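There are 2 protein chains.
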Amino acid sequence: MKLKKKDRQDKLLQVIEENPFITDEELAKLFQVSIQTIRLDRLGKNIPEARERIKKVASQTLTASVKSLQIDEVIGEILDISMNETGLSLLEIENEHVFSRNQIARGHHLFAQANSLCVAVIDAPIVVTKRANVQYIQPVFLGQRVIAKAQVKMLDHEKDHSIIEVKSSVGSEIVFLGEFEMVKHIGTERKNRNYV
Amino acid sequence: MKLKKKDRQDKLLQVIEENPFITDEELAKLFQVSIQTIRLDRLGKNIPEARERIKKVASQTLTASVKSLQIDEVIGEILDISMNETGLSLLEIENEHVFSRNQIARGHHLFAQANSLCVAVIDAPIVVTKRANVQYIQPVFLGQRVIAKAQVKMLDHEKDHSIIEVKSSVGSEIVFLGEFEMVKHIGTERKNRNYV
DNA sequence: CCTTTTTTGTGACCTGATACTAATATTAGT
DNA sequence: ACTAATATTAGTATCAGGTCACAAAAAAGG
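Written out as structure tokens, the structure reads:
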């Protein structure tokens with residue numbers, strides 16, 4: 002049975018959203034109407050042509066991949082660093098950081114911010130985390146900006162390890178405390194038997 | 002000065018890789034040659050036309066966004082759960098998890114795997130992390146599969162908090178140890194003054 | 001100087017669109 | 001039942017950004 006105009010247009014929007022690559026011709030077949038009708042419908046609903054839709058998706062990818070690269074490099078934005086002494090980083094809590102149920106930030110994101118900051122503060126090419134003790138003082142919500150402050154407490158040049166204290170706060174309120182033990186270079190040779 | 006064919010083709014590949022959206026016409030202007038030359042060059046280098054390039058980028062986005070969603074929900078793949086008792090999760094270390102310099106997994110990913118698993122093990126709608134103590138025993142490299150085992154050590158029904166021990170290993174070797182204190186529901190009311 | 005390679009130009013064609021006009025169905029109103 | 005309004009379909013012209021094939025001009029190599 003053929004759909005009424007209104008229903009068809011609504012359905013059209015839905016179909017195109019699900020599959021931005023579909024052409025007018027395929028849509029025409031799908032809805033059993035002429036290509037012209039599809040085009041009128043698109044016009045009415047302000048849906049751009051297939052090529053434009055594809056372009057849009059593609060450009061989203063590009064910006065998204067840039068973003069994920071940044072995220073990958075350092076979690077949060079480093080605001081200030083004085084090597085081997087202190088560091089300051091900002092993380093804005095966005096949708097991808099929170100539990101959808103209550104909009105509270107997942108713990109590992111605060112951890113990642115602090116951990117990244119610690120890596121950045123230590124002035125060495127290769128630094129890995131050895132140990133961490135963290136406390137979540139207050140929940141952090143969607144939209145809040147978390148400022149993490151790192152302070153190097155101990156630096157052992159011989160053993161190449163250091164202890165860093167991180168305090169993260171939203172406004173004047175402390176939300177997270179962490180102590181990280183970082184090491185410069187542990188056994189870098191990969192054990193092949195573990196490599197799958 | 003005009004480039005020789007070989008140099009132009011190499012440069013072409015580079016330019017197009019940086020900017021997949023560029024059309025033959027723009028390229029022709031850029032290199033001061035005719036559109037036809039650009040097309041011959043593309044043919045020679047097996048570079049598809051602009052529309053195909055854009056499509057490719059777009060389809061990458063789609064698969065990538067699906068992936069990031071999955072990653073967002075739970076870090077690692079939950080293999081087995083017995084509520085309030087134990088849990089098992091697998092994380093395969095991929096490119097985005099490691100430092101590019103030495104291919105060692107960043108600490109916060111192992112933390113995230115363990116932390117996600119703890120959230121999953123506790124049988125309650127709202128669970129947040131209160132405290133965590135973690136140790137990185139061995140570095141984990143690109144391509145390795147990390148199995149995290151969670152064991153609930155303490156469950157306090159009145160105070161609604163629990164302590165979970167996580168042991169992560171690659172093959173038979175333990176790489177990460179963690180103790181997580183989780184709480185069901187702390188102050189869910191968001192303090193507006195902190196909301197930016 | 002002549003041959004070969006590289007570059008350029010031309011014309012025909014394709015796809016997925018837009019824009020506009022005209023004709024035909026369908027629906028509602030009286 | 002007839003008419004007016006609206007919805008749908010059809011057809012044509014045009015465009016952008018490509019495709020291909022072929023011929024001519026320019027550059028390079030011997």
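In order, the protein sequence lines correspond to chains D and W. Start counting the first sequence at 2; every next residue gets the next number (the working numbering). Start counting the second sequence at 2; every next residue gets the next number (the working numbering). The beta-carbon is built from N, C-alpha and C at its ideal position, and this holds for glycine as well. For clarity, every value in this text was computed on a predicted model and none was experimentally measured.
Output yes if chain D places a C-beta closer than 8 Å to the C-beta of residue i; else output no.
i      : result
Q152/W : no
G77/W  : no
K68/W  : Its pLDDT being 48, under 50, K68/W is placed unreliably by the model, and the measurement read from it follows with that caveat. So no, K68/W is outside the interface.
F112/W : yes
A125/W : no
K185/W : no
I55/W  : yes
G108/W : yes
N47/W  : no
K30/W  : no
Confirm, please, whether the CB-CB distance from residue j to residue i is below 8 Å.
i      : j      : result
F32/D  : R9/D   : yes
V171/W : R146/W : yes
A113/W : S169/W : no
P126/D : R102/W : yes
G108/D : V99/W  : no
L143/W : I94/W  : yes
M84/D  : V122/D : yes
L1/D   : I48/D  : Examination of residue 1/D is not possible in this model, given that chain D is present from 2 through 197 alone.
A149/W : V58/D  : no
Check the Cβ-Cβ distances between residue i and every residue of chain W, and say whether any is below 8 Å.
i      : result
V16/D  : no
K131/D : yes
N134/D : yes
A149/D : no
V58/D  : yes
Can you have a look at residue i and say buried or exposed, based on whether 16 or more other CB atoms are within 10 angstroms of its CB?
i      : result
R43/W  : buried
H158/W : exposed
T24/W  : exposed
S90/W  : buried
M183/D : buried
G179/D : buried
K30/D  : exposed
G45/D  : exposed
L80/D  : exposed
Tell me whether residue i sits in a helix, a strand or coil according to DSSP, three-state version.
i      : result
I23/W  : coil
D42/W  : helix
V167/D : strand
L143/D : coil
F177/W : strand
Next item on the list: Please list the segments of the alpha helix (DSSP H) lying wholly inside the segment 89-128 of chain D, counting only runs of 4 or more residues, in order along the chain.
Entry: 108-122
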